[in-house]
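Okay, so here's the structure we're looking at.
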Amino acid sequence: MLALLLLLTALALNAQPANMKMYWIDVEGGASTLIVSPSGESLLIDTGWNVGDRDAKRILAAAQKAGVKKIDYLVISHFHADHAGGLTALTKLIPIGKFYDRGDAIELENKRWLDEYRAASIGKRTIVKPGDTIPIKGLNVVIVSSNQEVLASPINGGGPNSLCADAEQKESAGPENARGVGVLLTYGNFKYLNLIDLDWSKEMELACPVNKLGRVTIYQTGRHGSFDGAGAPALLGAIQPQVVVVNNGPRKGMGQVDANAKSANPPGKTIAPYEKNAYLRLAKLPGIEGIWQGHLSLLDPDPQHNTAPNMIANLEDSPDCKGNWLEASVARDGKFTMTNGRNGFSKTYLAH
Numbered sequence: 124m125l126a127l128l129l130l131l132t133a134l135a136l137n138a139q140p141a142n143m144k145m146y147w148i149d150v151e152g153g154a155s156t157l158i159v160s161p162s163g164e165s166l167l168i169d170t171g172w173n174v175g176d177r178d179a180k181r182i183l184a185a186a187q188k189a190g191v192k193k194i195d196y197l198v199i200s201h202f203h204a205d206h207a208g209g210l211t212a213l214t215k216l217i218p219i220g221k222f223y224d225r226g227d228a229i230e231l232e233n234k235r236w237l238d239e240y241r242a243a244s245i246g247k248r249t250i251v252k253p254g255d256t257i258p259i260k261g262l263n264v265v266i267v268s269s270n271q272e273v274l275a276s277p278i279n280g281g282g283p284n285s286l287c288a289d290a291e292q293k294e295s296a297g298p299e300n301a302r303g304v305g306v307l308l309t310y311g312n313f314k315y316l317n318l319i320d321l322d323w324s325k326e327m328e329l330a331c332p333v334n335k336l337g338r339v340t341i342y343q344t345g346r347h348g349s350f351d352g353a354g355a356p357a358l359l360g361a362i363q364p365q366v367v368v369v370n371n372g373p374r375k376g377m378g379q380v381d382a383n384a385k386s387a388n389p390p391g392k393t394i395a396p397y398e399k400n401a402y403l404r405l406a407k408l409p410g411i412e413g414i415w416q417g418h419l420s421l422l423d424p425d426p427q428h429n430t431a432p433n434m435i436a437n438l439e440d441s442p443d444c445k446g447n448w449l450e451a452s453v454a455r456d457g458k459f460t461m462t463n464g465r466n467g468f469s470k471t472y473l474a475h
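This is the structure we're talking about:
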């Protein structure tokens with residue numbers, strides 16, 4: 124009888140779905156996020172810099188840790204060197220199945236990255252528009268922005284946003300960022316939003332006058348946490364993230380001043396004041412439970428302007444940087460554990 128009970132217990136445990144895994148890979152101020160569905164399929168968003176094969180090797184190491192032998196779906200959000208530069212090196216290290224991007228419009232200075240992408244994705248490429256999905260088994264991944272367009276209608280319980288009435292408007296920071304592919308991923312009660320490098324102007328299109336994104340569990344900061352170029356308070360206050368991951372580098376992202384983000388409000392319009400420091404803007408959000416950083420900001424290392432050291436994956440500058448990752452292990456009921464690859468520190472949260 125005891126043996127039967129043990130057998131049934133083992134079968135029940137084996138029947139439990141595996142967790143979704145997420146890795147924020149340190150590409151030192153670029154961007155690369157690996158997501159592994161409970162089905163075992165993988166989604167990679169962006170490939171980091173063209174710095175030899177440094178970033179490609181770091182992506183491969185994360186894939187190997189996750190037990191991934193192939194990138195099933197790759198999203199290249201836009202064709203800046205810190206997002207698409209590592210692609211050619213990566214294709215030499217691991218097979219890639221399907222490619223997703225925002226289309227072929229390009230400026231001359233970014234043409235190299237588009238050309239390399241087109242060569243790598245021959246016969247496997249899909250150009251996406253807002254509302255499209257990526258068919259990774261077990262997850263719902265919706266495209267919320269692409270090629271300067273955003274969702275036409277709210278999803279994920281979104282609706283009117285009271286923060287819009289006196290919100291700051293800013294000019295676009297440039298066409299390539301505005302074209303970026305943004306995604307909202309849902310796994311059970313867990314919601315993950317990654318708007319990549321969308322600027323303040325596009326964030327406002329997603330947030331005002333209607334919040335088209337609803338509330339999220341984890342928000343990966345836009346523009347690598349480089350506010351004021353992104354992080355519009357009307358967006359942040361509407362999506363109400365519980366946890367924030369800042370994919371910054373030692374000298375890219377937090378602490379950086381974006382001189383391109385000029386006000387676009389008409390003279391005389393009343394604008395609500397907001398926190399100018401990036402970390403404090405996030406830390407003051409109602410309901411925020413944790414902020415995790417890829418790097419200590421060496422542009423602004425003030426301890427009051429960075430999260431707790433045990434929640435920062437990398438503390439040093441290149442070339443001594445070890446390239447530590449941040450990991451999330453997510454259960455379908457919304458319980459998830461964040462872990463710092465540098466020191467093993469972890470903390471568990473429950474999605475609302």
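Its first residue numbered 124, the sequence shown is counted upward by one per residue in the numbering used here.
Just so you know, even glycine gets a beta-carbon here, dropped at the ideal spot from N, CA and C.
Taking Arg225 as the reference, give the member of Cys331, Gln271 and Val339 with the closest Cα.
Checked all of Cys331, Gln271 and Val339; the closest Cα to Arg225 is Gln271.
Quick one: residues in its chain with C-beta nearer than 7 Å to the C-beta of Gly464, no 5 flanking neighbours on either side, listed in chain order? Ala436, Asn447, Trp448, Leu449 and Glu450
### Message
Which residue wins for smallest C-alpha separation from Asp381, given the options Ser349, Ala330 and Asn233?
### Response
Ser349
- What residues in its chain sit with their C-beta under 6 Å from that of His418, if we drop five residues either side in the sequence? Closer than 6 Å at Cβ, skipping near neighbours: Asn371, Gly372, Pro373 and Asn437.
Report task. Under the assumption that Gly378 contacts Ser420 (Cβ atoms under 8 Å), give the Cβ distance between them as a whole number of angstroms. Result -> Confirmed, Cβ separation roughly 4 Å.
Report back the beta-carbon spacing between Val333 and Gly281 to the nearest angstrom; my notes put them in contact at under 8 Å.
-> 7 Å
Cβ-Cβ separation, Ala355 to Trp323 (assumed contact under 8 Å), whole Å
5 Å
query: So what's Arg346 in DSSP terms, helix, strand or just coil?
result: helix
message: Measuring only the C-alpha atoms, how far is Ile158 from Ala454?
response: 13 Å
Specify, as a first and last residue, the run of the beta strand (DSSP E) that Met145 falls within. First-last of the beta strand (DSSP E) with Met145: Met143 to Trp147.
Please tell me whether Leu286 and Ala361 are closer than 8 Å, where the distance is taken between their beta carbons. Judged by their CB atoms, Leu286 and Ala361 are nearer to each other than the 8 Å cut-off.
Review point. Hey, Ile219 and Leu197 are a contact pair by Cβ (cut 8 Å); roughly how many whole angstroms apart?
Key: 5 Å
When you compare only the Cα positions, how much space is there between Ala301 and Asn142? 33 Å
DSSP beta-bridge partners of Gln416:
Val369 and Ile435
In whole angstroms, what is the alpha-carbon distance linking Arg177 and Thr211? Approximately 12 Å, taken between the alpha carbons.
Run of the alpha helix (DSSP H) containing Gly360, from where it starts to where it stops: DSSP places Gly360 inside the alpha helix (DSSP H), whose first and last residues are Pro356 to Ile362.
* Excluding the five sequence neighbours on either side, which residues of its own chain have a C-beta within less than 7 Å of the C-beta of Leu213, listed in chain order? -> The residues are Thr170, Ala179 and Ile182.
Do you know how far the Cα of Leu408 is from the Cα of Leu262? 27 Å
| What did DSSP end up calling Arg177 once you bin it into helix, strand or coil? | It is helical.
By the three-class DSSP mapping on this structure, what secondary structure does Glu294 have? Residue state, collapsed to three classes: coil.
Legend entry - N- and C-terminal bounds of the alpha helix (DSSP H) containing Lys399: It is not in any alpha helix (DSSP H) - Lys399 carries neither H nor E in the DSSP assignment.
Nearest to Glu328 by alpha carbon, out of Lys293, Lys314 and Ser441?
-> It is Lys293 whose Cα lies nearest to the Cα of Glu328.
Could you check if Asp456 is buried or exposed, using at least 16 other CB atoms within 10 Å of its CB as the buried criterion?
By the neighbour-count rule (16 or more Cβ atoms within 10 Å), Asp456 is not buried but exposed.
Apply the 10 Å Cβ neighbour rule to Gln187 and answer buried if 16 or more other Cβ atoms are within range, or exposed otherwise. exposed
Exercise for review: Alpha carbon to alpha carbon, how far is Leu321 from Gly297? Give it in angstroms, no decimals.
Suggested key: 10 Å
- Query: Can you tell me whether DSSP reads Lys470 as helix, strand or coil?
  - Reply: DSSP places Lys470 in strand when its eight states are reduced to three.
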